[in-house]
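Structure first, commentary second.
2 protein chains.
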Amino acid sequence: MKTYLDCIPCFVRQALEASKMATGDEALQEKALKAVLLELEKTPLKNKIPPQIARKVHRIIRKVTKNNDPYAKVKDEYNRKALKMYPSLKRTVAESKDKLLTATKLAIAGNIIDFGPSSKFNLDKTIEDVSDQDFAINHFNRFRKALKSSKKIIYLGDNAGEIVFDRILLEELKGKDITFVVKGGPIINDATIEDAKFVGIDKIAKIEVVSNGDPGTGPDRLSKEFIRKLKGADLVISKGQGNYEALSEVDANIFFLLKVKCPLIARDMKTKIGDIVVSS
Amino acid sequence: MKTYLDCIPCFVRQALEASKMATGDEALQEKALKAVLLELEKTPLKNKIPPQIARKVHRIIRKVTKNNDPYAKVKDEYNRKALKMYPSLKRTVAESKDKLLTATKLAIAGNIIDFGPSSKFNLDKTIEDVSDQDFAINHFNRFRKALKSSKKIIYLGDNAGEIVFDRILLEELKGKDITFVVKGGPIINDATIEDAKFVGIDKIAKIEVVSNGDPGTGPDRLSKEFIRKLKGADLVISKGQGNYEALSEVDANIFFLLKVKCPLIARDMKTKIGDIVVSS
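Just so you know, the protein sequences line up as chains L and R, in that order. Residues 9 to 288 (this note's numbering) make up the first sequence, in order. Residues 9 to 288 (this note's numbering) make up the second sequence, in order.
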């Protein structure tokens with residue numbers, strides 16, 4: 009998905025929130041925010057997708073505030089919170105008529121734990137709502153079929169905390185050869201390998217890292233090498249808006265599972281804010 | 009009121025909205041928005057109040073887009089819309105037990121017509137709500153008394169459309185020597201002398217202009233000359249957030265009438281978004 013002019017105010021708001029999480033020093037917050045303003049001023053939007061710019065923004069915040077992981081606290085908080093919910097989520101799936109559907113919906117509900125579009129969200133309400141909510145884009149039957157015939161699956165994770173909900177879905181896919189992809193370094197509240205291990209994903213899937221934009225944090229999510237891997241899988245499950253922004257134009261067998269939280273993604277997908285989506 | 013770091017994302021959003029109103033040319037919108045990013049990067053926040061920065065932002069938009077009045081259309085729309093409401097608003101006041109209270113509340117309801125904090129608002133609902141809404145800061149009795157003993161009143165107007173609601177209140181102040189202050193040139197949807205004449209304020213009050221920040225648009229709202237005038241009045245009625253931001257620290261007999269629309273003003277006034285305020 010291309011970067012719209014409307015992304016700019018959103019990047020600036022995100023930069024402010026990240027600076028505040030990174031440091032209590034207001035002068036440093038101002039310095040970081042202004043460095044982002046300068047970067048956004050210099051960056052041509054054309055031929056850039058939003059995650060490419062988001063990387064730069066958050067790299068600047070980490071660098072200027074000298075805080076390598078501004079969202080560490082909320083990531084830990086939501087990993088723990090979601091782990092506490094795990095037994096009751098498992099019960100919900102076990103008691104449901106259609107376990108795969110329920111697990112898929114829960115995995116999408118977990119996608120609300122996203123500090124990119126907003127630092128204000130209501131996890132409990134989202135979990136409650138999702139059970140009665142229809143998919144705004146409903147390729148679920150296609151998804152179920154594709155899962156049946158697939159052996160090699162790549163699952164692109166999104167946020168810390170959310171990955172507990174992914175674990176619920178992963179546990180419904182037993183017997184498959186699954187690679188769970190996380191970031192190679194901190195960016196916003198995206199899950200890293202530490203998060204994946206903390207919530208036990210390493211016991212059900214192989215884990216692979218892609219770059220957060222910093223050197224040495226793994227192959228790039230947009231690199232030819234990585235795209236080739238996605239194409240080589242029987243099926244790719246892509247969680248969240250960032251992965252959609254990066255991969256919406258890639259020709260592979262990708263199913264995008266997400267909750268719509270951004271007005272531009274809503275427009276791009278012809279959906280509304282708050283909608284849930286399984287889109288191939 | 010001082011400028012907070014939180015004002016920055018809001019200025020950027022405002023700049024984007026203004027650019028879109030100013031021109032349909034996306035390249036020009038980007039150019040204008042980026043010029044604003046650069047200006048915000050250069051501007052130290054310390055010792056600056058938000059209206060000083062807002063002026064710069066909107067001056068840049070007007071200059072880069074070569075559109076001297078990006079909000080002309082919505083200003084005209086809301087002047088006309090409010091004028092159509094005028095007879096029913098007058099009836100509401102006439103039929104009320106406490107005419108001054110009703111007119112004051114309506115003048116505050118009209119303050120929702122503010123394209124600064126957001127271009128999305130619901131005028132009809134605000135008018136409806138306000139009749140049952142208590143003031144979050146209630147110096148209304150003090151306001152009533154001060155009006156009784158005042159001859160020379162300065163009324164600082166805020167937005168186009170809103171000034172029809174101000175006219176309702178002005179008409180309850182008959183016999184006073186009233187100066188109604190508007191902007192000397194376009195900025196956001198602030199009322200100018202043309203707006204004031206269009207809705208008939210010139211028939212009930214003298215009109216004076218203060219600068220929108222452009223050269224030749226009158227004395228500055230923050231100038232010693234203007235502050236001296238405010239101090240010389242028996243009573244100053246100040247409408248809206250911008251005037252509060254500019255004058256909250258000025259030692260004159262000012263009553264701030266406004267609807268709270270910004271989280272920082274809410275914090276500064278110890279109120280909530282949506283609250284209505286009569287504060288001396």
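Heads up, the beta-carbon is just placed ideally off N, CA and C, and yes, glycines get one too. Fair warning: this is a prediction, and the values are worked out from it, not measured in the lab.
Rounded separation between residue i and residue j - CA only
i: Cys270 (chain L); j: Ile281 (chain L); result: 6 Å
i: Asp106 (chain R); j: Asp203 (chain R); result: 29 Å
i: Lys76 (chain L); j: Ser27 (chain L); result: Before going further, note that residue 76 (chain L) is Asn rather than Lys in the sequence given. Distance between the alpha carbons of Asn76 (chain L) and Ser27 (chain L) is about 11 Å.
i: Pro227 (chain R); j: Ile61 (chain R); result: 17 Å
i: Asp140 (chain R); j: Ile273 (chain R); result: 23 Å
i: Val286 (chain L); j: Asn220 (chain L); result: 25 Å
i: Leu13 (chain L); j: Gly32 (chain R); result: 13 Å
i: Ile135 (chain R); j: Lys89 (chain R); result: 13 Å
i: Lys39 (chain R); j: Arg70 (chain R); result: 12 Å
i: Arg67 (chain L); j: Ala30 (chain L); result: 12 Å
i: Val72 (chain R); j: Ile215 (chain L); result: 50 Å
i: Glu253 (chain R); j: Val190 (chain R); result: 16 Å
i: Lys256 (chain R); j: Tyr163 (chain R); result: In the sequence on display, residue 256 (chain R) carries Ser and not Lys. C-alpha separation (whole angstroms): 15 Å.
i: Gly169 (chain R); j: Lys83 (chain L); result: 46 Å
i: Ile201 (chain R); j: Leu41 (chain R); result: 28 Å
i: Pro125 (chain R); j: Val244 (chain L); result: 42 Å
i: Pro95 (chain R); j: Ile209 (chain R); result: 15 Å
i: Asp122 (chain L); j: Phe206 (chain L); result: 18 Å
i: Phe143 (chain L); j: Asp283 (chain L); result: 7 Å
i: Leu265 (chain L); j: Lys81 (chain R); result: 41 Å
i: Pro194 (chain L); j: Glu103 (chain L); result: 36 Å
i: Ile145 (chain L); j: Thr279 (chain L); result: 8 Å
i: Cys18 (chain R); j: Arg99 (chain L); result: 44 Å
i: Gly192 (chain L); j: Ile235 (chain L); result: 17 Å
i: Gly87 (chain R); j: Gly165 (chain R); result: The sequence given here places Asn at residue 87 (chain R); Gly does not occur at that position. Using only the alpha carbons, I get a separation of about 14 Å.
i: Lys92 (chain R); j: Leu91 (chain L); result: 58 Å
i: Asn197 (chain L); j: Lys267 (chain L); result: 16 Å
i: Pro58 (chain L); j: Asn167 (chain L); result: 17 Å
i: Cys15 (chain L); j: Asp222 (chain R); result: 29 Å
i: Thr11 (chain L); j: Gln249 (chain L); result: 13 Å
Residue from the options whose Cα sits closest to the Cα of residue i
i: Asp174 (chain R); options: R:Thr112, R:Asp122, R:Val20 and R:Val65; result: R:Thr112
i: Glu233 (chain R); options: R:Val217, R:Ile116, R:Asn55 and R:Leu243; result: R:Val217
i: Lys159 (chain R); options: R:Gly165, R:Thr187 and R:His147; result: R:Thr187
i: Ile161 (chain R); options: R:Ala213, R:Gly250, R:Gly118 and R:Gln249; result: R:Ala213
i: Gly118 (chain R); options: R:His147, R:Lys182, R:Ser231 and R:Ile176; result: R:Ile176
i: Leu114 (chain R); options: R:Thr200, R:Lys81 and R:Glu180; result: R:Glu180
i: Pro305 (chain R); options: R:Ile116, R:Pro58 and R:Gln37; result: Residue 305 (chain R) is absent from the structure shown; chain R starts at 9 and stops at 288.
i: Lys247 (chain L); options: L:Lys184, L:Leu178 and L:Thr11; result: L:Leu178
i: Thr110 (chain L); options: L:Gly183, L:Phe206, L:Lys184 and L:Asp137; result: L:Asp137
i: Lys211 (chain R); options: R:Leu230, R:Gly183 and R:Ile196; result: R:Gly183
i: Ala35 (chain L); options: R:Lys54, R:Ile116 and R:Ser157; result: R:Lys54
i: Ile171 (chain L); options: L:Pro52, L:Lys74, L:Ile116 and L:Arg229; result: L:Ile116
Interface residues of chain A facing residue i [CB-CB closer than 8 Å]
i: Leu41 (chain R); result: This model lacks chain A altogether, as its protein chains are L and R.
Contacting positions in the stretch 49 to 63 of chain R - beta carbon closer than 8 Å to chain L: Glu49 and Leu53
Using 8 Å as the cut-off, can you tell me whether the stretch 122 to 130 of chain R makes contact with the stretch 145 to 152 of chain R, which would need three or more C-beta pairs spanning the two stretches below that distance? no
Uninterrupted beta strand (DSSP E) stretches inside the stretch 210 to 274 of chain R (no shorter than 3 residues): 214 to 218, 243 to 247 and 262 to 267
Is the stretch 45 to 62 of chain R touching the stretch 38 to 48 of chain L, taking contact as three or more C-beta pairs under 8 Å? yes
Runs of 4 residues minimum, wholly inside the stretch 78 to 134 of chain L: which ones carry the alpha helix (DSSP H) assignment? 80 to 103 and 107 to 117
Say whether the stretch 62 to 69 of chain L touches the stretch 9 to 29 of chain L, bearing in mind that this needs 3 or more beta-carbon pairs closer than 8 Å, one atom from each stretch. yes
Under 7 Å, CB to CB, which of the residues in the stretch 226 to 253 of chain R have a partner in chain L? none
Enumerated in chain order, which unbroken segments of the beta strand (DSSP E) with a length of 3 residues or greater are wholly contained in the stretch 166 to 192 of chain R? 185 to 191
How do the stretch 228 to 248 of chain L and the stretch 259 to 269 of chain L stand: do at least 3 beta-carbon pairs fall below 8 Å, yes or no? yes
Could you run through the stretch 137 to 151 of chain R and flag, in chain order, every residue whose CB is less than 9 Å away from some CB of chain L? none
Short-range partners of chain R found in the stretch 66 to 84 of chain L, where Cβ spacing is below 8 Å: none
The stretch 10 to 33 of chain R: which residues have C-beta closer than 7 Å to a C-beta of chain L, in chain order? Leu13, Asp14, Ile16, Pro17, Val20, Arg21 and Leu24
Taking a Cβ distance cut-off of 9 Å, strictly less, list which residues of the stretch 271 to 282 of chain L are near chain R, in chain order. none
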